[in-house]
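Asker: Here it is, the structure in full.
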Amino acid sequence: NEEEEADRILQLPGQPKVSFQQYSGYVTVNHVAGRALFYWLTEADHNPLSKPLVIWLNGGPGCSSVAYGASEEIGPFRINKTASGLYYNKFSWNTVANLLFLETPAGVGFSYSNQSSDLFNSGDRRTAKDSLEFLLRWLDRFPRYKQREVYITGESYAGHYVPQLAKEIMMYNKHSKYPINLKGIMVGNAVTDNYYDNLGTVTYWWSHAMISDKTYRQLINTCDFTHQKESNECDSVYSYAMDQEFGNIDQYNIYAPPCN
Amino acid sequence: CTEKYAEIYYNRPDVQKALHANITKIPYKWTACSELLNRNWKDTDVSILPIYREMIAGGLRIWVFSGDIDSVVPVTATRYSLAQLKLETKIPWYPWYVKKQVGGWTEVYEGLTFATVRGAGHEVPLFKPRAALLLFKSFIRGEPLPKS
Numbered sequence: 001n002e003e004e005e006a007d008r009i010l011q012l013p014g015q016p017k018v019s020f021q022q023y024s025g026y027v028t029v030n031h032v033a034g035r036a037l038f039y040w041l042t043e044a045d046h047n048p049l050s051k052p053l054v055i056w057l058n059g060g061p062g063c064s065s066v067a068y069g070a071s072e073e074i075g076p077f078r079i080n081k082t083a084s085g086l087y088y089n090k091f092s093w094n095t096v097a098n099l100l101f102l103e104t105p106a107g108v109g110f111s112y113s114n115q116s117s118d119l120f121n122s123g124d125r126r127t128a129k130d131s132l133e134f135l136l137r138w139l140d141r142f143p144r145y146k147q148r149e150v151y152i153t154g155e156s157y158a159g160h161y162v163p164q165l166a167k168e169i170m171m172y173n174k175h176s177k178y179p180i181n182l183k184g185i186m187v188g189n190a191v192t193d194n195y196y197d198n199l200g201t202v203t204y205w206w207s208h209a210m211i212s213d214k215t216y217r218q219l220i221n222t223c224d225f226t227h228q229k230e231s232n233e234c235d236s237v238y239s240y241a242m243d244q245e246f247g248n249i250d251q252y253n254i255y256a257p258p259c260n
Numbered sequence: 261c262t263e264k265y266a267e268i269y270y271n272r273p274d275v276q277k278a279l280h281a282n283i284t285k286i287p288y289k290w291t292a293c294s295e296l297l298n299r300n301w302k303d304t305d306v307s308i309l310p311i312y313r314e315m316i317a318g319g320l321r322i323w324v325f326s327g328d329i330d331s332v333v334p335v336t337a338t339r340y341s342l343a344q345l346k347l348e349t350k351i352p353w354y355p356w357y358v359k360k361q362v363g364g365w366t367e368v369y370e371g372l373t374f375a376t377v378r379g380a381g382h383e384v385p386l387f388k389p390r391a392a393l394l395l396f397k398s399f400i401r402g403e404p405l406p407k408s
């Protein structure tokens, strides 16, 4: 398959020697707009033909699965401190699966659109449809994965992307002669429900002694968590909590200093 | 702060060539997160719980995990949200283990498995790679997390 061969990665700069195959490149998801999504496939290091296909999506929205998922979380390589090369991650998930990192939607990482307005009107809906389109065309390029077990995984705002793509696949499968063998999803620290996420978040801040009783009560009494956009009063309490009471911490890892 | 390394590495021309990336010479640097996209995000679902109900009805395997030192989408946020699904418990709450250490706690419901990961931030596999790999292996095998 010429397209597959054209995507084969021979060796990344500064990469350690490995036994598994890698591929990366673009799949066009909308010819009219010229939208193309970038992917990086690192196959399983043993018996890739018998291992499932696992798609990994990062969130943001707007963040790259190559930057996070592949390069500092589950991928086989880590980037060294001088960015001169890569070193092997012995806890890589490609010890048990074929990992497909997808930068979605267009505008994320290397994924692009020739229609620059696309970068100003992305959203959940189009992202899910483009990601399904990507998967269908990617499977045409890599036909050995067509009947393979597929799992979709991700974290953070991909708590939206992963279930929404799963739903698109389930709907596609209802009408397709060649259904995608979707077996499951796994998400981490996932954005799930505005109201309950927000309620749970301020509860966590209070129960982990990150904010005062007073600020906690103000948040609960001032904020209406059902609304997408908070009121100015609520926003100012949030700002006070983060700027004055959290202090100089990394909110993504509360017992560590922030990255400057 | 490792994404700083990525900002350098993936903007190297030799790396982009090896990855067959940036073939159209996009008029902006590659970056880990696009501020432009984030600020102009349009439609967003208020809740994903209805899709969870559809996926459970469709028989998909669903695992949700949470690093317990993240304060951006913390463990209590996920627990409040999942509680709205009102799922029956299949295997009651218990600590799971990795290398004789508590990896976190977990509960298996009808249709969904929830697990915390002790000491992990927002990017769980970054902070607890060994525990994350064990979590992933259990998910792929469809087996509950180990009790010892």
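Line by line, the protein sequences are chains Y and G.
Here the first sequence is numbered in the numbering used here, starting from 1 and rising by one per residue.
Here the second sequence is numbered in the numbering used here, starting from 261 and rising by one per residue.
Ideal placement from N, C-alpha and C gives every residue a C-beta, glycine not left out.
(1) If you check the beta carbons only, do residue 300 of chain G and residue 121 of chain Y fall under 8 Å apart?
(2) Which class does residue 41 of chain Y belong to by DSSP, given the choice of helix, strand or coil?
(3) Indicate whether residue 154 of chain Y and residue 38 of chain Y have their beta-carbon atoms separated by less than 8 Å.
(4) Does the CB of residue 289 of chain G have a neighbour CB from chain Y at under 8 Å?
(5) Give me the residue from G/383, G/347, G/384 with the minimum Cα distance to residue 322 of chain G.
(6) Which residues in the same chain as residue 134 of chain Y place their Cβ atom closer than 8 Å to its Cβ, once the five residues preceding and following it in sequence are excluded?
(7) Could you spell out where the beta strand (DSSP E) holding residue 88 of chain Y opens and where it closes?
(8) Using the Cα positions of residue 201 of chain Y and residue 364 of chain G, report the straight-line distance between them to the nearest angstrom.
(9) Rounded C-beta distance between residue 386 of chain G and residue 72 of chain Y? I'm assuming under 8 Å.
(10) For residue 143 of chain Y, name the three-state secondary structure that DSSP assigns.
(11) Along the chain, where does the beta strand (DSSP E) that runs through residue 322 of chain G open and close?
(12) Between the region 268-280 of chain G and the region 232-251 of chain Y, can you find at least three pairs of beta-carbon atoms closer than 8 Å?
(13) So with CB distances below 7 Å, who are the chain Y contacts of residue 334 of chain G?
(14) Under 8 Å, Cβ to Cβ, is there at least one residue of chain Y near residue 386 of chain G?
(15) Along chain G, which residues have their Cβ under 7 Å away from the Cβ of residue 73 of chain Y?
(16) According to DSSP, is residue 353 of chain G part of a helix, a strand, or is it coil?
(17) Consult DSSP for residue 218 of chain Y and reduce its assignment to one of helix, strand or coil.
(18) Give the secondary structure of residue 110 of chain Y by DSSP, where H, G and I count as helix, E and B as strand, and everything else as coil.
(19) Using a Cβ cut-off of 7 Å, which residues of the region 41-73 of chain Y contact any Cβ in chain G, in chain order?
(20) What do you get for residue 107 of chain Y, buried or exposed, if any count of 16 or more other CB atoms within 10 angstroms of its CB means buried?
(21) If I follow the unbroken alpha helix (DSSP H) through residue 311 of chain G, where does it start and stop?
(22) At a CB distance below 8 Å, what residues from the region 328-352 of chain G approach chain Y? Give them in sequence order.
(23) If we call anything under 8 Å between Cβ atoms a contact, is residue 437 of chain G one with residue 9 of chain Y?
(24) Does residue 400 of chain G come within less than 8 Å of chain Y when only Cβ atoms are used?
(25) Which residues in chain Y sit within 9 Å of residue 296 of chain G, going by Cβ to Cβ distance?
(26) Residue 178 of chain Y and residue 337 of chain G - do their beta-carbons sit closer together than 8 Å?
(27) Compare the C-beta of residue 155 of chain Y with all C-beta atoms of chain G and state if any pair is closer than 8 Å.
(28) Is residue 282 of chain G buried or exposed, if buried means 16 or more other CB atoms sit within 10 Å of its CB?
(29) Pick from Y/212, Y/235, Y/42: whose alpha carbon is nearest that of residue 223 of chain Y?
(30) Tell me the DSSP secondary structure of residue 278 of chain G in three-state form.
(31) Considering residue 343 of chain G, what are the terminal residues of the beta strand (DSSP E) in which it resides?
(32) With a cut-off of 8 Å, does the C-beta of residue 311 of chain G fall near any C-beta of chain Y?
(33) Taking its Cβ as the centre, do 16 or more other Cβ atoms sit within 10 Å of residue 288 of chain G, making it buried, or is it exposed?
Answerer: Taking the definition as stated:
(1) Going by C-beta atoms, residue 300 of chain G is nearer than 8 Å to residue 121 of chain Y.
(2) strand
(3) no
(4) no
(5) G/347
(6) 27, 29, 37, 39, 102, 104
(7) Note, residue 88 of chain Y: beta strand (DSSP E), 86-88.
(8) 19 Å
(9) Sure, about 5 Å apart at Cβ, within 8 Å.
(10) Three-state result, residue 143 of chain Y: helix.
(11) Segment 321-327, the beta strand (DSSP E) holding residue 322 of chain G.
(12) Touching, no.
(13) By Cβ distance, chain Y contributes 200, 201, 204.
(14) Taking 8 Å as the CB threshold, residue 386 of chain G lines the interface with chain Y.
(15) Simply 383, 385, 386.
(16) Here residue 353 of chain G sits in strand by DSSP.
(17) Three-state DSSP puts residue 218 of chain Y in a helix.
(18) coil
(19) 52, 60, 61, 62, 63, 64, 66, 67, 68, 71, 72, 73
(20) With 16 or more other Cβ atoms within 10 Å, it is buried.
(21) 309-317
(22) 329, 330, 331, 332, 333, 334, 335, 336, 337, 338, 339, 340, 341, 342, 343, 344
(23) Absent from the model: residue 437 of chain G. The displayed extent of chain G is 261 to 408, so no value can be given.
(24) yes
(25) What residue 296 of chain G touches in chain Y: 62, 107, 119, 120.
(26) no
(27) yes
(28) buried
(29) Y/235
(30) helix
(31) Per DSSP, residue 343 of chain G belongs to no beta strand (DSSP E); it is in the alpha helix (DSSP H), 335-343.
(32) yes
(33) exposed
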